[in-house]
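Heads up: the structure comes next, in structure tokens.
In my numbering, the protein residues as written are 1 to 396.
Right under this line is the structure:
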């Protein structure tokens, strides 16, 4: 079995956490092809993404309590099995309706790594070391948006859209067997009552009324909303508003993913000598600075460099914020780490999806709506820190 904190342990957790991003980003190049193959509308093809994300959000609320009751290992294996079967169903689908259904199944299974990753880290480590491990996991996860669109495009040209889902199925199967062979149970506790409705509601209430947990959750939701504003709006802004060729857009998207990875690398090194809260503050300053500069440039003189440069500052700051805020949120309530992780994942997905919808709803052919979402998310995160996290740290 893998030793907690080893390089292989971190890579496996990174692969588990990055499976969802891989599933989303690798399928993006296939959306126009699906419209033609199934003689359907772009909205129907888009449902393959929307239903995957819906399954991702809902599944997280289930896996956390299940893992607090039965342990991390069986829940991980069950989720990976569902993901793999869903991916195979996608690859063999004969209609757009079947594909949408199996994408929902795939999303329900694929989110298991996102929930279990932070919970497993909390099982094994406390705040400082946990934040360091989460930084290394983030570096692995950041490879998905960097490579997945290119892999998806290559597979689409080499074979057809089904090959993308066959590859995703193979990835799920490989991670399933790696987990089965190498991952030992990490949970030190079993809560026999974790699945009872009133106990579950009580656990949610304990998390949401704990100042550190709530403050960390709101910080994460804020910066993730900014990122989702970029993900939702950037293709329209770059390709439609600024006339960037679609192949160049993929490169620009990869550059921002690289900045995120670099931020996580720097965070891991800084944690050797600095407190996580201090690094988190620096990250939030970069988020706010990058977001406000981007908004100012979007209003004054929209351009590709005027978006990419401040966005790189923003996502670099995210690399400093997300691991430290996640570790802080998981620290106070170790006996319900699964529930805590599921709430973090579901809340950030809900916040990101809402802001992403608003960005597209108010898109007017300029970068202003996207930039407003990014700046607004950064300011919301900073406000949550000032009102909740900083007072909690001082009183603690």
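All C-beta atoms, glycine included, are put in the ideal place defined by N, C-alpha and C.
All values reported here derive from a predicted model rather than from experimental measurement.
Cβ-Cβ distance between residue i and residue j below 8 Å
i, j, result
"residue 64", "residue 338", "yes"
"residue 179", "residue 49", "no"
"residue 378", "residue 263", "no"
"residue 336", "residue 184", "no"
"residue 341", "residue 330", "yes"
"residue 72", "residue 194", "no"
"residue 389", "residue 212", "yes"
"residue 161", "residue 24", "no"
"residue 105", "residue 82", "yes"
"residue 249", "residue 235", "yes"
"residue 33", "residue 156", "yes"
"residue 172", "residue 84", "yes"
"residue 401", "residue 222", "The displayed coordinates of the chain run from 1 to 396. Any statement about residue 401 would go beyond what the structure contains."
"residue 44", "residue 31", "no"
"residue 308", "residue 237", "no"
"residue 66", "residue 206", "no"
"residue 168", "residue 100", "no"
"residue 220", "residue 325", "yes"
"residue 356", "residue 231", "yes"
"residue 391", "residue 253", "no"
"residue 382", "residue 321", "no"
"residue 345", "residue 60", "yes"
"residue 13", "residue 117", "yes"
"residue 133", "residue 5", "yes"
Presumed contact (8 Å Cβ cut-off) between residue i and residue j, rounded CB distance
i, j, result
"residue 138", "residue 323", "6 Å"
"residue 260", "residue 142", "5 Å"
"residue 164", "residue 80", "Contact doesn't hold; Cβ gap of about 19 Å is too wide."
"residue 233", "residue 363", "6 Å"
"residue 19", "residue 110", "5 Å"
"residue 17", "residue 113", "5 Å"
"residue 266", "residue 286", "In fact, because the Cβ distance is near 11 Å, the residues do not count as touching under 8 Å."
"residue 310", "residue 294", "4 Å"
"residue 241", "residue 366", "6 Å"
"residue 347", "residue 217", "6 Å"
Reduced DSSP secondary structure (H/G/I, E/B, other) of residue i
i, result
"residue 244", "coil"
"residue 201", "helix"
"residue 2", "coil"
"residue 187", "coil"
"residue 347", "helix"
"residue 363", "coil"
"residue 273", "coil"
"residue 94", "coil"
"residue 124", "helix"
"residue 302", "coil"
"residue 193", "coil"
"residue 38", "coil"
"residue 252", "helix"
"residue 111", "coil"
"residue 118", "helix"
"residue 210", "coil"
"residue 332", "coil"
"residue 25", "helix"
Reference residue i; option with closest CA among the options
i, options, result
"residue 319", "279, 389, 217", "279"
"residue 151", "26, 390, 68, 16", "26"
"residue 129", "257, 385, 327, 343", "327"
"residue 271", "57, 135, 186, 161", "135"
"residue 3", "237, 197, 125", "125"
"residue 226", "120, 250, 315", "315"
"residue 181", "298, 357, 9, 205", "9"
"residue 140", "11, 258, 97", "11"
"residue 368", "274, 257, 74, 297", "297"
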